[in-house]
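Residue numbers (my numbering), protein chains in the order written: chain C, 1 to 649; chain E, 1001 to 1649. Think of the CB as a built atom: it goes at the ideal place given N, C-alpha and C, for glycine as much as any other residue. Just so you know, these numbers come straight off a predicted model, no measurement behind them.
So this is what it looks like as structure tokens:
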């Protein structure tokens, strides 16, 4: 098809390589280098396809790792045909590169072909690796765990008399995580020669160059000092990869690391890391290409693949295509992170002691403006959350007001002990966790933070709060920065949402007290955050047409409830619903339900908890909400079922 | 006094150096070396005194660090007289050496003299450093946070135009923590020359030689590879310390580390690390010397100090003495960790897939027998909890049943995200956290684990359970190892306790269901664990004599309650008490209270929660229980107050 076909790549038509073309390549009589290079070229087309179709995914790191993954799966891993429990193990510790790995699986027939169209869809291919997908050997997405897991695998294999190699692909950014360095020594102590770590050394982390964030320094010297055997190679040169891997065969007394120099975004000229202008953020870490970027990128990739096919005597590369899923319409939504950016800058303008700390999420946490406006009060920690929190502890001890940022999933869990330690010094730190809760549903459960309230809720004097509108962001920030006695945790839903109600003009935030956003007499519903309250509100509007009238209460405080306020707001209602964008256990609802029972109300009040009850599913936002019954329809069903069965009705 | 006085050091009389003798030394016209050596010698006497008086504390690491601390406080730290906020900063990141630091404070008049007699007593000197004590600059006890905190201090100081040096004393063992290595790079990036880390390199961690656990390798090469300026010195040679510190003055472009070679237990011949025989555990990490060890050790220390006084022309060292607090009588107690040892070995004998992992607490976690009996199935991780958990994750993925051990305070918090990640793979790991809860009260809040139920309770499918007797240990271990669907957390009180009730002979453990240990009609009390239930039982016995009859229920499941069982066991009672050896927030009581309100019982039932409501105090067990109102008397008061005010009475 060649030129003629390339012209039909348009903004809404996406091209992919069908399995049959991989089959043709693999059956051809080619040398390993040529075959692998062409295989990787095909995988790039499909990786771009998947991410474009899903409207999200990590292009840069997927592209930088494709020669490595392709070489390993085509030439190095033994016994792939015996299944994932019997073959040599490969997994990516960084995990962002899942689309690349899926494309390799698909190319080799290790997964059903139609999964290619299901990236980040319900029961499809999760945004980050999950062991439910065959040949995925570890859940990753939270960083720095790879070598530890590999050691565990080797220890268990040795115990059971199995001899398997374990290849771990690591990213540059995750080398900033302490666990990575913590995991190196005992691999030496136990002479775990079965382990080969390959660093996809593309020199970039989420937003920019690693060296600008938290320089890795002399990586070879570091690994050597930790007792590992170190080699270095061009990670896109399959012949060099081959030679390097063979050179490792002779090293049988210790674990090994290959530092593979790669290019982030390799394969598409304008997506390659070095194409980023100085001072600019790299644009293709996460997030999908737009229509134009897809068209241009796809064109480049297809041309390269076709050239390899032609030179290999394989003729025309036969692509297939699908319509791209439609773009989401842009609605008038409440954008809490943007509101937070403004509120933070307002506070910092008034208070010179405000310092912001970031862990490689300057864009997602809304910190770019702060960094540019207050460079001397901004500390970029890199992917080093424990270090970040204990630094904030030291800053607070010396009189500053540190504000610590990350995604909620990481912030509540990785530095959990460090936060408790800080709180034990009775200083004040504000923790801000964005990307809180079930949505967005695409990245998968490592990023869907539905356990953070429980993980932090018992920290003494720490106030946890979650706003539902931009205005409430401003009110809560003002309270937590200026009036809270101890530390605090501001939990932010990152996804914009059209909120159908307004908070009363006179609303003021008071810890433990909330605000009624819809009056009603038949039952009281407690919740927080934009989409949870909005969906409940919509459900209540629908119920009203059936003559059932729900009172909806926004309680932004996640680990405090004022008992007297609770008594008042419950009034004479005999049925309460609690809503949690969080597991039921340890969420706000459990706290409210417990508080109700301490009141000893007569006649008694029944509390029905609604929230997340199992590991979050990955999928589109609509799919995920529907699956967990937290969309309007799901809430309506749950309200109705309970109200129909209630003794009072 | 000399020889004559030394003879009167007996088993129950403890000698200490009064402040006046320090004053005499400091006023004398001596060179800095001589003064510092003599000061350290006096501090050793007082360190031994404090630990003997408290019957607990860390001798080995206190002794190894005394020349370093003495030199810094006498000769290096500027502006000590201006108070802790204005002077150069020193703090110990390891924190175990608090008695040594306190003895330095006392010698310099930086704390009231009488505090010397209050180690590990209520409102005295905490077992681990707490910023409430003047000149303590950081809460430590959980390891590896020191450099991070120092960086935060420097950043805040720079912002506020202050110029202070920050000295951080680190231990060997804590260099196994990932946070330590995580914290090094940005100190280089920001050229934090104000920071000097001194590694008290005594080559031992809790139980044994570091090299046998998780070798640190070439420390100098490691620090150099991370970009720090490295020097090495004999940490007991004050002249060398002086020269080394001066050599650092010229280094103004990066942070610095001094590797100080020291001897654990330095100063008392038989307490010194090298005196430990091969294959033996080091005996003086934590825990007090017995009467004979005190007498012999004290004799050595006093002789050395007297010799230094004599050679310095200071004449006789005038000591004072106090009676040693009486030894606790040995009662017939339930020892849960010992029972756990037996249960683990029984399981391992039946199931070859059981692997035990330890984080440098082989003795405290009851693992010595397992290690000796199943050496191929034991993995010593060192102080590396995150690595340990992710290793277990890898082992479970390859078909093993890993059992992960640490203190509850560390296990629930440090690897919090790693535990969630493991659970997300739907494999099975058993987590065993000893030293759970408020007691023992001596180590202080870093070790008093009263937040672990909250921190882990929401992990999907993870069953958390706490036994109250040795027999229940066996039953729960059997359940968690052989019948639980997912992972589990076994929470163990380490302190032996005389339990006044017996569990019914027919008792079988069923998740979410408990067992009545005392029948009663007036109210129902739910609790768990040995001392909490015992104290409640004793209180109920006393209330019975006043005609009030409490039902006491042991519910060993910390994050599960069976609603039907709950309905049955509550019966017609209208008052419930929940007891928590944990913060009220996120504890078992909150779960029970919430469950009660979902039942909608008529007439309504009031739940009164009892538990820990603030950061735990340090002190003797009796002091701590009384302070938190969880001793028999405190429970009695709380039961009585509520029952007197209850509408039904």
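| residue 1355 of chain E and residue 1403 of chain E: beta carbons closer than 9 Å? | Sequence index remark: in the second chain, residue 1355 of chain E carries index 355 (1-based). Sequence index remark: in the second chain, residue 1403 of chain E carries index 403 (1-based). Between residue 1355 of chain E and residue 1403 of chain E, the CB-CB gap stays under 9 Å.
| query | Taking Cβ to Cβ, would you say residue 1320 of chain E is nearer than 9 Å to residue 1126 of chain E? | reply | Looking up residue 1320 of chain E in the second chain gives position 320. Looking up residue 1126 of chain E in the second chain gives position 126. It is not a contact, given that the beta carbons lie outside the stated cut-off.
| field | Closer than 9 Å at the beta carbon, the chain C residues around residue 1055 of chain E | value | Here residue 1055 of chain E corresponds to residue number 55 of the second chain, with the count starting at 1. Those do not exist, as residue 1055 of chain E stays about 25 Å from chain C at its closest Cβ, beyond 9 Å.
| message | With H, G and I counted as helix, E and B as strand and the rest as coil, what does DSSP make of residue 136 of chain C? | response | As a first step, residue 136 of chain C is located in the first chain; it is residue number 136 there, counting from the start. Here residue 136 of chain C carries a coil assignment [DSSP, helix/strand/coil].
| said: Going by DSSP in three states, residue 201 of chain C sits in which element: helix, strand or coil? | reply: Taking the first residue of the first chain as position 1, residue 201 of chain C is located at position 201. When secondary structure is reduced to three states using DSSP, residue 201 of chain C falls in the strand class.
| message | Can you tell me which residues form a DSSP beta bridge with residue 342 of chain C? | response | In the first chain, counting from the first residue as 1, residue 342 of chain C sits at position 342. Bridge partners of residue 342 of chain C: none, in fact.
| query | What does residue 1365 of chain E touch in chain C if you count any residue whose Cβ is under 8 Å from its own? | reply | Translated into the one-based positions of the second chain, residue 1365 of chain E becomes position 365. Residues of chain C passing the Cβ test: none, with the nearest at roughly 18 Å.
| message | Tell me the rounded alpha-carbon separation between residue 366 of chain C and residue 338 of chain C. | response | Counting from 1 along the first chain, the entry for residue 366 of chain C is found at position 366. Counting from 1 along the first chain, the entry for residue 338 of chain C is found at position 338. A direct Cα-Cα distance of roughly 6 Å separates residue 366 of chain C from residue 338 of chain C.
| request: Using DSSP bridges, identify the partner residues of residue 13 of chain C. | output: By 1-based counting over the first chain, the position of residue 13 of chain C is 13. Paired residue(s): C:323.
| query | Is there at least one Cβ from chain C nearer than 9 Å to residue 1600 of chain E's Cβ? | reply | Position 600 of the second chain, counting from 1, holds the residue named residue 1600 of chain E. For residue 1600 of chain E, the nearest beta carbon of chain C is closer than 9 Å to its own beta carbon.
| field | CA-to-CA distance, residue 1284 of chain E to residue 1308 of chain E, given in whole angstroms | value | By 1-based counting over the second chain, the position of residue 1308 of chain E is 308. By 1-based counting over the second chain, the position of residue 1284 of chain E is 284. Between residue 1308 of chain E and residue 1284 of chain E, the C-alpha separation is close to 25 Å.
| query | Thinking just about the alpha-carbon of each residue, which of C:384, C:554, C:362 is nearest to the one in residue 375 of chain C? | reply | Numbered from its first residue, the first chain carries residue 375 of chain C at position 375. Among C:384, C:554, C:362, the Cα nearest to that of residue 375 of chain C is on C:362.
| query | How would you call residue 37 of chain C, buried or exposed, if buried means at least 16 neighbouring beta carbons within 10 angstroms? | reply | Numbered from 1 along the first chain, position 37 holds the residue referred to as residue 37 of chain C. Counting other Cβ atoms within 10 Å of its Cβ, residue 37 of chain C reaches 16 or more and is therefore classed as buried.
| request: Have a look at C:203, C:212, C:194, C:316 and flag the residue whose alpha-carbon is nearest the alpha-carbon of residue 229 of chain C. | output: Start at 1 with the first residue of the first chain, and residue 229 of chain C comes out as number 229. Checking every option, the nearest Cα to that of residue 229 of chain C belongs to C:194.
| field | Residue of E:1491, E:1626, E:1616 minimising C-alpha distance to residue 1559 of chain E | value | Taking the second chain and counting its residues from 1, the one referred to as residue 1559 of chain E is at position 559. Residue E:1491 is the option with its Cα nearest to residue 1559 of chain E.
| query | Do you know how far the Cα of residue 554 of chain C is from the Cα of residue 1594 of chain E? | reply | Counting from 1 along the second chain, the entry for residue 1594 of chain E is found at position 594. Counting from 1 along the first chain, the entry for residue 554 of chain C is found at position 554. For the pair residue 1594 of chain E and residue 554 of chain C, the Cα-to-Cα distance works out to about 19 Å.
| Contact check, residue 1264 of chain E vs residue 1282 of chain E under 8 Å by CB: the rounded distance? | Taking the first residue of the second chain as position 1, residue 1264 of chain E is located at position 264. Taking the first residue of the second chain as position 1, residue 1282 of chain E is located at position 282. Contact flag correct, Cβ pair sits at about 7 Å.
| task | Select from C:276, C:334, C:341, C:567 the residue whose C-alpha is nearest the C-alpha of residue 208 of chain C. | result | Stepping through the first chain from its first residue, residue 208 of chain C is reached at position 208. Checking every option, the nearest Cα to that of residue 208 of chain C belongs to C:276.
| request: Express the C-alpha separation of residue 635 of chain C and residue 519 of chain C in angstroms, rounding to a whole number. | output: If you number the first chain from 1, residue 519 of chain C lands on position 519. If you number the first chain from 1, residue 635 of chain C lands on position 635. Rounded to the nearest whole angstrom, the CA to CA distance from residue 519 of chain C to residue 635 of chain C is 18 Å.
| request: Measure the C-alpha to C-alpha separation of residue 1245 of chain E and residue 1144 of chain E and round it to an integer number of angstroms. | output: In the second chain, the residue the question calls residue 1245 of chain E occupies position 245. In the second chain, the residue the question calls residue 1144 of chain E occupies position 144. Straight-line measurement puts the Cα of residue 1144 of chain E at about 23 Å from the Cα of residue 1245 of chain E.
| message | Quick check for students: name the residue ranges of the beta strand (DSSP E) that lie wholly in the stretch 1560-1621 of chain E, counting only runs of 3 or more. | response | If only complete runs of 3 or more residues are kept, the stretch 1560-1621 of chain E shows the beta strand (DSSP E) at 1575-1583, 1606-1612, in order along the chain.
| said: I'd like to know whether the C-beta atoms of residue 1059 of chain E and residue 1099 of chain E end up nearer to each other than 9 Å. | reply: Here residue 1059 of chain E refers to the residue found at position 59 when the second chain is read from its first residue. Here residue 1099 of chain E refers to the residue found at position 99 when the second chain is read from its first residue. Annotated as proximal: residue 1059 of chain E and residue 1099 of chain E, with beta-carbon spacing under 9 Å.
| request: Please decide whether residue 258 of chain C counts as near chain E, where near means a Cβ-Cβ distance under 9 Å. | output: Working through the first chain from its first residue, we reach residue 258 of chain C at position 258. Chain E, which has no Cβ nearer than 9 Å to the Cβ of residue 258 of chain C, makes this no.
| query | Listed in chain order, which residues of the stretch 369-382 of chain C have Cβ atoms closer than 9 Å to some Cβ of chain E? | reply | Flagged, chain order: 376, 377, 379, 380, 381, 382.
| Cβ of residue 101 of chain C less than 9 Å from any chain E Cβ? | For the purposes of this step, residue 101 of chain C is taken as residue 101 along the first chain, with counting starting at 1. No, residue 101 of chain C does not count as interfacial toward chain E.
| query | Which residues of chain E have a Cβ atom closer than 8 Å to the Cβ of residue 656 of chain C, listed in chain order? | reply | Residue 656 of chain C falls outside the range modelled here, since chain C spans only 1 to 649, and no answer is possible.
| Nearest chain C C-beta to residue 1414 of chain E closer than 9 Å, yes or no? | For this step, residue 1414 of chain E is matched to residue 414 along the second chain. Put simply, the CB of residue 1414 of chain E is near chain C, with a gap under 9 Å to one of its CB atoms.
| message | From the DSSP secondary-structure annotation, give me the bridge partner or partners of residue 518 of chain C. | response | Here residue 518 of chain C corresponds to residue number 518 of the first chain, with the count starting at 1. According to DSSP, residue 518 of chain C shares a beta bridge with C:552.
| query | According to DSSP, what are the bridge partners of residue 1488 of chain E? | reply | Translated into positions along the second chain, residue 1488 of chain E becomes position 488. Per DSSP, E:1430, E:1463.
| query | Would DSSP call residue 231 of chain C helix, strand or coil? | reply | Indexing the first chain from 1 puts residue 231 of chain C at position 231. Three-state DSSP puts residue 231 of chain C in a strand.
| task | Can you say whether residue 575 of chain C is buried or exposed, counting buried as having 16 or more other CB atoms within 10 angstroms of its CB? | result | Within the first chain, numbered from 1, the residue matching residue 575 of chain C stands at position 575. Buried, because 16 or more other Cβ atoms sit within 10 Å of the Cβ of residue 575 of chain C.
| said: Taking contact to mean 3 or more Cβ pairs, one atom from each stretch, closer than 8 Å, check whether the stretch 1438-1450 of chain E and the stretch 1616-1630 of chain E are in contact. | reply: At 8 Å Cβ cutoff, the stretches touch.
| task | Find out if the Cβ-Cβ distance for the pair residue 1260 of chain E, residue 1232 of chain E is shorter than 9 Å. | result | Looking up residue 1260 of chain E in the second chain gives position 260. Looking up residue 1232 of chain E in the second chain gives position 232. Yes, the Cβ-Cβ distance between residue 1260 of chain E and residue 1232 of chain E is below 9 Å.
| Nearest chain E C-beta to residue 347 of chain C closer than 9 Å, yes or no? | One-based indexing of the first chain puts residue 347 of chain C at position 347. Chain E has no Cβ within less than 9 Å of the Cβ of residue 347 of chain C.
| said: For chain C, check one thing: does any of its Cβ atoms lie closer than 9 Å to the Cβ of residue 1590 of chain E? | reply: One-based indexing of the second chain puts residue 1590 of chain E at position 590. For residue 1590 of chain E, the nearest CB of chain C lies under 9 Å from its own CB, placing it at the interface with that chain.
| query | Mind checking whether residue 1388 of chain E and residue 1406 of chain E have CB atoms under 9 Å apart? | reply | Taking the second chain and counting its residues from 1, one reaches residue 1388 of chain E at position 388. Taking the second chain and counting its residues from 1, one reaches residue 1406 of chain E at position 406. Cβ atoms of residue 1388 of chain E and residue 1406 of chain E: closer than 9 Å.
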